[in-house]
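In what follows, a structure is listed as structure tokens, so that the remarks can point back to it.
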Amino acid sequence: MLSLLKVEWMKVKNYRTFWILLAITVVSIPGISYMLYDIMDNSFPKSKGATMILGSPFAFPDVWQTVTWNSSLLFIIPALLIITLTTNEFTFKTHRQNVIDGWSRQQFISVKLFEIVLLSVLCTIIVLLTVLGFGYFGNKVQAGISVLQNSRFILFYFVEMMTYSMIAFLLSILIKRAGLSIGIFLIYMLVEQIAVGFLRVKLKFQGANYLPEEVADRLIPFPYAKALLARDTPQWEHLIPSLLIVAFLYLMLYGGFTARRFLKSDL
Amino acid sequence: MSSILSIQSVTKSYGPVRALHQVSFDVPPGSVFGVLGPNGSGKTTLLGIVMDVLKANSGSYSWFGEPPSEKQRRQIGTLLETPNFYHYLSGEKNLQVAAAIKGRGQDDIPRVLQMVKLSDRKASKFNTYSLGMKQRLAIASALLGNPSVLVFDEPTNGLDPVGIAQIRELIRDLSKEGKTIILASHLLDEVEKVCTHVAILQKGQLLMAGDVNEVLTNEDFVELGTEGGSLEQLRSALASLTGVRHLKEQEGHLQLFFENGSIPLSEINRHCFQQGVVLNHLQLRKKSLESKFMELTK
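Sequences listed follow chains V and B, in order.
Going by the working numbering, the first sequence opens with residue 1, and the numbers climb by one from there.
Going by the working numbering, the second sequence opens with residue 1001, and the numbers climb by one from there.
Below, the structure written as structure tokens:
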């Protein structure tokens, strides 16, 4: 795998678009949290009552949920990176050339999947650093509060990031064109949100929780004004194992389907 | 090892379109093997299958007498259809990617760039190259690591006449080094000048395959002309010559075809002279691959 990654590195290290999208990904994760922190800090009066309602979303232990949720608004950026890098291979027909030159189809698809895992790990590390930054430097750690309480949200973020990334990868392999893949990725995000709203709110159909993106989105609930919106917390706790299992099954499905497609079809 | 590449009953369809049907042939070691056919005859499809970028519906193939694998492809230099490179990388960096995939060192890159005369433009991005330069970079990539087998699909596409002559010369030189070269082309004179073996495809069917001399066997003919241009007199003189299959008039000359092989020119000349006909033109001609091809594919 190391030699395969070395080749992938040779492909991207001189590719300006790769560095721009990666830089935006890396900067936007702490950036969006800082922006929302700034809004919270400046927009609401610092009274005791306000703090009771709004909570302290950027202090331990809530900061885990807040920063991971904020960062989950940005999945489109790494998705763009994945779609660009994957569809480039089809546009330039270099996926064929890589195989002709001596990679097996399995090696080609494996290294692409591994890159997605690496990108997800990178984003998760940046989220972790952002959490620690806000937790330690943005707020005083209150006595008696465990810093690691709620740290499971980092795992949930990784699962959600992998879910969106794999959907982007699946679309790239199926569609092979950057513009169309990005368009369908965005439209699907929107359509699923509308479908979830309709099915869950109007029809009271809880199966909507298990739609491909929603199942990962549900892992990190809305973190602000918890005092007002925390009614669903016990139910959410109860759902976590099933959400994780279904999200994992989806990931297996996406991985299996993309690999099968690339291994069996004409390139 | 009896053959470098052995293709057995390969069939490939794109929906209702049958691109290849039960194609079988062997490529012997050290040969320059021409895969010929008009546009759409299945040449590129066939090469795509043996390089594992296309999947055959049925049939099999083997490289070096073994089932196909990526390790074998690393030992083969291939230019298939179009030059496929990363547009944002320079020619040299693209070759570095190819060399890394092939498991070869980077030290061969200057040599292959020199061979295709791209050393001066090695640092330029691929998307700034002309069509001919892209094609030459693809040939350089195929030559990386000095492989013993080369697969060239329309290697002279986009090249100017000088470039075409250079590639023809390169193929001849590589052949002299004992390399096996599989060359797909619809430019028959190009193939005829370099190939030792040919396979002729039409609409996915293999019409003929084998040694060029065997494919073109019994196809020599003699062209005759006579002083004064009386072809009728010449025709009657030749009627009594034994071993003649038929005569054909062509642009003021008679073409003499034989039942087996050919008759020595001296004997024909003597015979005509004895019959009172003085020849002013007597030439042994080989049937061109082009005319054989046209005959097979009409």
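Glycine included, each C-beta is placed from N, C-alpha and C at the ideal position.
Which residue's Cα is closest to the Cα of residue 1079/B: 1047/B, 1100/B and 1089/B? 1047/B
6 Å CB neighbourhood of residue 1237/B in its chain, flanking five on each side removed: Only 1272, 1275 and 1277 meet the Cβ criterion.
For residue 19/V, count neighbouring Cβ atoms within 10 angstroms of its own Cβ and tell me buried if that reaches 16, exposed if not. exposed
Nearest residue (CA-CA) to residue 192/V, options 40/V, 207/V and 238/V: It is 207/V.
Quick one: any contact between the stretch 239-251 of chain V and the stretch 82-94 of chain V, if contact means 3 or more CB pairs under 8 Å? No, they do not touch.
Using DSSP with H/G/I as helix, E/B as strand and the rest coil, what is residue 1080/B? coil
State yes or no: is the C-beta of residue 135/V within less than 8 Å of the C-beta of residue 59/V? yes
Chain B partners of residue 243/V, CB-CB under 9 Å? Simply none; closest approach about 38 Å.
Would you report the Cα separation of residue 1196/B and residue 79/V, rounded to the nearest angstrom? 52 Å
Taking the alpha-carbon positions, what's the residue 1230/B to residue 1239/B distance? Their Cα atoms are separated by approximately 15 Å.
For residue 1053/B, decide whether its Cβ has a neighbour in chain V, counting only Cβ atoms nearer than 8 Å. yes
Please identify the residue among 198/V, 30/V, 86/V and 203/V whose C-alpha is closest to the C-alpha of residue 73/V. Of 198/V, 30/V, 86/V and 203/V, the residue nearest in Cα terms is 30/V.
DSSP three-state call for residue 1024/B: helix, strand or coil? strand
Would you mind telling me which residues of chain B sit closer than 9 Å to residue 264/V, beta carbon to beta carbon, in chain order? 1055
Would residue 83/V and residue 172/V be called neighbours here (beta carbons separated by less than 8 Å)? yes
Sufficient close CB pairs (3 or more, under 8 Å) joining the stretch 1145-1153 of chain B to the stretch 1177-1194 of chain B: yes
Helix, strand or coil for residue 1208/B, going by three-state DSSP, please let me know. Strand at residue 1208/B.
Could you tell me which chain V residues have their CB closer than 8 Å to the CB of residue 1073/B, listed as they occur along the chain? 99, 100, 101 and 102
For residue 169/V and residue 112/V, believed in contact at Cβ under 8 Å, the rounded distance: 7 Å
Please compile the residues from chain V whose C-beta is within a distance smaller than 7 Å of the C-beta of residue 1098/B. What residue 1098/B touches in chain V, judged by beta-carbon distance under 7 Å, is 101, going in chain order.
Residues near residue 119/V by beta carbon distance below 6 Å, same chain, minus five either side: Closer than 6 Å at the Cβ level, and outside the excluded window around residue 119/V, lie 78.
DSSP state of residue 1073/B mapped onto helix, strand, coil: helix
Do you know how far the Cα of residue 1126/B is from the Cα of residue 1162/B? 22 Å
Comparing C-alpha positions only, which one of 1032/B, 1190/B, 1061/B and 1119/B sits nearest to residue 1322/B? Given a span of 1001 to 1298 for chain B in the structure shown, any question on residue 1322/B remains unanswerable.
When you compare the stretch 1197-1207 of chain B with the stretch 1015-1031 of chain B, are there three or more beta-carbon pairs, one atom per stretch, that lie closer than 8 Å? yes
Beta-carbon proximity check, residue 1094/B vs residue 1144/B, cutoff 8 Å: Using a Cβ distance threshold of 8 Å, residue 1094/B and residue 1144/B do not count as a contacting pair.
Can you pull the DSSP bridge partners for residue 1153/B? 1184/B
Rounding to the nearest angstrom, what Cα-Cα distance links residue 1101/B and residue 4/V in this structure? 8 Å
Amino acids of chain B, ordered along the chain, whose beta-carbon sits closer than 8 Å to that of residue 92/V: Those are 1084, 1085, 1086 and 1087, listed as they occur along chain B.
Run the CB neighbour count on residue 1156/B, radius 10 Å, all protein chains shown included, and call it buried at 16 or more, exposed below. Buried is the call here.
Classify residue 1259/B as helix, strand or coil using the three-state DSSP reduction. coil
Burial state of residue 212/V (16 or more Cβ within 10 Å): buried
Sort out for me which residues DSSP pairs residue 1062/B with in a bridge. 1006/B
Do residue 1050/B and residue 1043/B have their CB atoms nearer than 8 Å? no
Where DSSP assigns a beta bridge to residue 135/V, which residues make up the other side? Answer is none; residue 135/V lacks a bridge partner.
Applying a beta-carbon distance threshold of less than 7 Å, which residues of chain V neighbour residue 1078/B? 100
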